[in-house]
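Student:
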Amino acid sequence: MSEQELWVHYRKRRSVDRATLFFASTWRCDLAILATVQRNATEFQLFVFGHTHEAESAFTTMQGTLSEWQPIAINTGAWQRVISAEDLETWRAGRRRGDVLSAQPDALPPCYSVVVVRPYKSKPTAQLRYWTRRGGSWQLANACSPVA
0 MSEQELWVHY RKRRSVDRAT LFFASTWRCD LAILATVQRN ATEFQLFVFG HTHEAESAFT
60 TMQGTLSEWQ PIAINTGAWQ RVISAEDLET WRAGRRRGDV LSAQPDALPP CYSVVVVRPY
120 KSKPTAQLRY WTRRGGSWQL ANACSPVA
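Its first residue numbered 0, the sequence shown is counted upward by one per residue in numbering that gives the first Met the number 0.
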């Protein structure tokens, strides 16, 4: 399905979401531009992106389209400390309002979202993990340590 057909389909039925349209049109455009300067440019299987301030697990960007190309995308988030809403409330509860409002990012528990891609031969897989400090050492974990 071409980009124009996606937009027509979207306007008529609204069954293709905006993210799908964005990725489909952007990636097709980027591949066409890249192919003019790099002859071996091909459709990729995994797209890791970040700096959107919220990490997201892997998702299919062109699901719902008729395209055979179905790359997976995963969002690392921004390289900053992360904390769940529940843990933020726990952290905030033990502090004065002025201290909370003037706190710097390093006042939060040390935990950063990262994407891990294991070595592969044919199809890559990606996993959203967290680089966190536990017991005095840094390690990868499935979630940030809860705030005490």
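Here a beta-carbon is modelled for each residue, glycine too, at the ideal position from N, C-alpha and C.
1. Are at least three pairs of beta-carbons, each pair with one atom in the segment 130 to 139 and one in the segment 69 to 78, less than 8 Å apart?
2. In its own chain, which residues sit with a C-beta less than 6 Å from the C-beta of GLU55, not counting the 5 before and 5 after it?
3. If you run the structure through DSSP and keep just helix, strand and coil, what is ARG13?
4. Determine, using beta carbons only, whether HIS52 and GLN79 come nearer to each other than 9 Å.
5. Please state whether DSSP places ALA102 in a helix, a strand or coil.
6. Identify the residues that DSSP records as bridge partners of GLU55: which are they?
7. Going by the CB atoms, is the gap between ALA57 and GLN179 shorter than 9 Å?
8. Which same chain residues end up closer than 6 Å to VAL115 when comparing Cβ atoms and leaving out the 5 residues on each side of it in sequence?
9. Does DSSP put ARG95 in a helix, a strand or coil?
10. If we ignore side chains and look at the alpha-carbon of each, how far apart do ARG91 and VAL99 end up?
Tutor: The short version:
1. The segment 130 to 139 vs the segment 69 to 78: no contact.
2. Take GLU55, set aside five residues on each side of it, and the residues of its chain with a beta-carbon closer than 6 Å to its own are ASN74, in chain order.
3. Bear in mind that the predicted position of ARG13 carries a pLDDT of just 44, short of 50, making it unreliable; the figure below should be weighed with that in mind. Correct three-state label for ARG13: coil.
4. Yes, the pair counts as a contact, with Cβ atoms nearer than the cut-off.
5. Three-state DSSP puts ALA102 in coil, outside helix and strand.
6. GLU55 is bridged by DSSP to ASN74.
7. With the chain covering 0 to 147 only, the question about residue 179 has no answer from this structure.
8. The residues are GLN126 and ARG128.
9. DSSP places ARG95 in coil when its eight states are reduced to three.
10. Cα-Cα distance, rounded: 6 Å.
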